[in-house]
Amino acid sequence: MPTKRKTLTGAFGQPVGNDLNTLTAGPRGPALMQDVHLLEKLAHFDRERIPERVVHAKGAGAYGFFEVTADVTRYTKAAFLSKVGKKTDVFVRFSTVGGEKGSADAERDPRGFAIKFYTEEGNYDMTGNNTPVFFIRDPLKFPDFIHTQKRDPATNLKSPTMAWDFWSLTPESMHQVTILFSDRGTPATYRHMNGYSSHTFKWYNAEGDYFWVQYHFKTDQGIKNLTGPEAAEMCGKDPDHATRDLHKAIEAGDFPSWTLEMQILSPEQARDFKWDIFDITKVWPHGAVPPIKVGRLVLDRNPENYFAEVEQAAFNPSSLVPGIGVSPDKMLQGRLFSYHDTHLHRLGPNYHLIPVNQPRHAPENSYQRDGAMRVDDNGGGGPNYWPNSFHGPEPDNVSIEPDIPLEGEGARRPYTFDNDDFVQPGNLYRHVMSEQDRTSLVNNILGSMKDVPKPIQLRQCALFHLADVDYGARVAQGLGLDLDEVRKLSAMSQEERVAATPVK
Ligand code: NDP
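The numbering of the sequence shown is my numbering, which starts it at 1 and goes up by one.
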């Protein structure tokens, strides 16, 4: 039996009698200003778009749950991690980074991997990527770096020259560039890639002991990538292939899952650690810090409305719960500001009231009031200040992170702790990649660098050479560069190298 259709109405509920013909003077027009239905419909349409995210604009999302599989209470007092078997609702958004909202899912780019845990202590967001490292380690460089991934200001074209110019002038990018140009830079689907916190975070337990941690969500579907040519073909054949894949898999009941493995360091272990654990261009070698299995992430429900639930989903690394804190990683510190600030710009000061962003299992009891689109009861008649004598919500005096010992003079300083941008990408190239991986890496780089000005090619090949002699030689040979010149440049300091490779 077909159900009776609802009566069409305007935005304020009044019934609409005719939705096909504009009100006109005579059968051939002109239109009458008093066609208020037409005016309302056009005016709303004119405002349908909100600013797209400046990064991570193209994405896909799904709901599911996280289940604890190991006891971690000696590391963290987070309630959602308090018991083996405990399940917490999540919403996850995957994305590319540099492309616009209509760009292809198969572009070479890191992939965002953002998880919102709806815990009983409020929302906890883990805003990760599919790579364990990043291109830069200081947030002052972030807007500049992202400009190189967007469009040339003159031509409005993507510019490999801008990208390689920046990378060759920023040697700390070597590790991430090597992962990006391997076939892991073009994952087959969102289901076939890992997610990493990349940053170091802090976990602290009920006794106030703390630990430095990194999250690794390992795909249970197995890693699967597209080769460079397969990715290029996919961009044209199906620009939305990863969005489609995720939706179809969940619709078919083939729920994707990931195993959460944690790397955990005590402050004592961290003090003697070889690598700077607050430098996002570095990983913690598994041999030194074996990952431990902690939980399982499963996605089992598609959103019903893309704009409402995915486009308006807002994740913040600053959205933390008791038991989880941040680290001094400078990139993380920058993101603590930038994510919330972006959402204020895109969605307004009350974006926490949008259903996908609302805490589901903890009420919001704040003294924040008013602002555009305050669409709940706005705190009703209760007090809007603290302290008050009128039974308003009060701090619990418990949800406080243990004291953070700090020292040092305020100064603008580069990272200098381990001072090595090349050993880890070199190890990746030499020890982790197969010969097929290395061949793909070199071919992918050659495809991107072939039209870049020669001084930039030389400067960048010197950096590849510093990571691994074979790596540098294969790219240099592929570009037709003089190997002796590359070797000479690699023996210079970065300042000398840049001075020796001016771009006309
Ligand atoms: P391990 O051999 O213990 O770990 C290697 C890691 O590399 C595994 O997590 C594996 O992920 C990942 N990996 C495998 N193939 C590739 C590839 N083609 N591109 C990128 N990553 C790959 O070595 P270490 O821990 O000593 O690390 C060696 C290097 O491996 C690092 O310098 C880093 O570049 C890379 N790596 C290290 C990670 C870490 O957290 N230690 C994480 C990811 C990469 P999987 O099991 O999912 O295939």
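Note that CB positions come from ideal geometry on N, CA and C, so glycine has one too. Quantities reported herein were computed from a predicted structural model and do not represent experimental measurements.
Own chain partners of residue i with C-beta closer than 6 Å, once the 5 adjacent residues on each side are dropped
i, result
"D138", "K330"
"H175", "V133, T281, Q424 and P425"
"Y471", "Y429 and F464"
"Q269", "none"
"N316", "D125, Y339 and H340"
"G64", "V90, V298, L299 and D300"
"F417", "D276"
Residue i CB to nearest heavy atom of the ligand NDP below 7 Å
i, result
"Q424", "yes"
"S198", "no"
"M174", "no"
"S182", "yes"
"L226", "no"
"H286", "yes"
"R437", "According to the sequence provided, residue 437 is Asp. The question's Arg does not apply to it. Yes, the Cβ of D437 comes within 7 Å of a heavy atom of the ligand NDP."
"M162", "no"
"I223", "yes"
"I136", "no"
"K218", "yes"
"P317", "no"
"L428", "yes"
"M262", "no"
"I179", "yes"
"N194", "yes"
"P132", "yes"
"M433", "yes"
"V283", "yes"
Residue i to residue j span [Cα, whole Å]
i, j, result
"L8", "R301", "29 Å"
"K58", "T189", "14 Å"
"Y367", "Y124", "20 Å"
"P383", "E251", "46 Å"
"D376", "S318", "24 Å"
"Q214", "Y385", "38 Å"
"H465", "P402", "45 Å"
"T22", "H340", "43 Å"
"F217", "I115", "11 Å"
"F201", "S159", "34 Å"
"L38", "T219", "50 Å"
"V54", "R459", "29 Å"
"Y351", "M373", "8 Å"
"S95", "D482", "39 Å"
"L246", "W212", "33 Å"
"I50", "R151", "20 Å"
"H241", "S103", "11 Å"
"F80", "R74", "14 Å"
"E207", "T76", "9 Å"
"S448", "T127", "28 Å"
"Q494", "K41", "59 Å"
"T501", "Q457", "9 Å"
Sequence-distant residues of its chain with Cβ nearer than 7 Å to residue i (five each side left out)
i, result
"P256", "R191, Q221, A249 and L299"
"L169", "V498"
"L180", "R108 and P110"
"G334", "P139 and F142"
"T88", "F65, F66, F80, F117, Y118 and T119"
Boundaries of the alpha helix (DSSP H) in which residue i is found, first to last residue
i, result
"H340", "K330 to L347"
"A231", "G228 to K237"
"Q494", "Q494 to A500"
"S490", "L483 to S490"
"F45", "V36 to D46"
"V68", "No alpha helix (DSSP H) holds V68; the beta strand (DSSP E) holding it covers G59 to V68."
"L479", "V469 to L479"
"D245", "H241 to E251"
"E268", "P267 to R271"
"M174", "M174 to L180"
"D144", "F142 to Q149"
Run of the beta strand (DSSP E) containing residue i, from where it starts to where it stops
i, result
"A163", "Here A163 belongs to no beta strand (DSSP E); instead the alpha helix (DSSP H) covers P160 to S168."
"R296", "I292 to R301"
"Y429", "From DSSP, Y429 is part of no beta strand (DSSP E); its letter is neither H nor E."
"F113", "R111 to T119"
"K87", "K87 to T96"
"Y210", "Y210 to T219"
"G447", "Run containing G447: none in the beta strand (DSSP E); it sits in the alpha helix (DSSP H), E435 to M449."
"F201", "F201 to Y204"
Residues near residue i in its chain [Cβ-Cβ closer than 8 Å; skip 5 each side]
i, result
"F166", "D144, F145, T148 and S173"
heavy atom of the ligand MN below 7 Å from residue i C-beta
i, result
"F142", "Absence of the ligand MN is noted for the structure shown, with the ligand NDP being the only ligands found."
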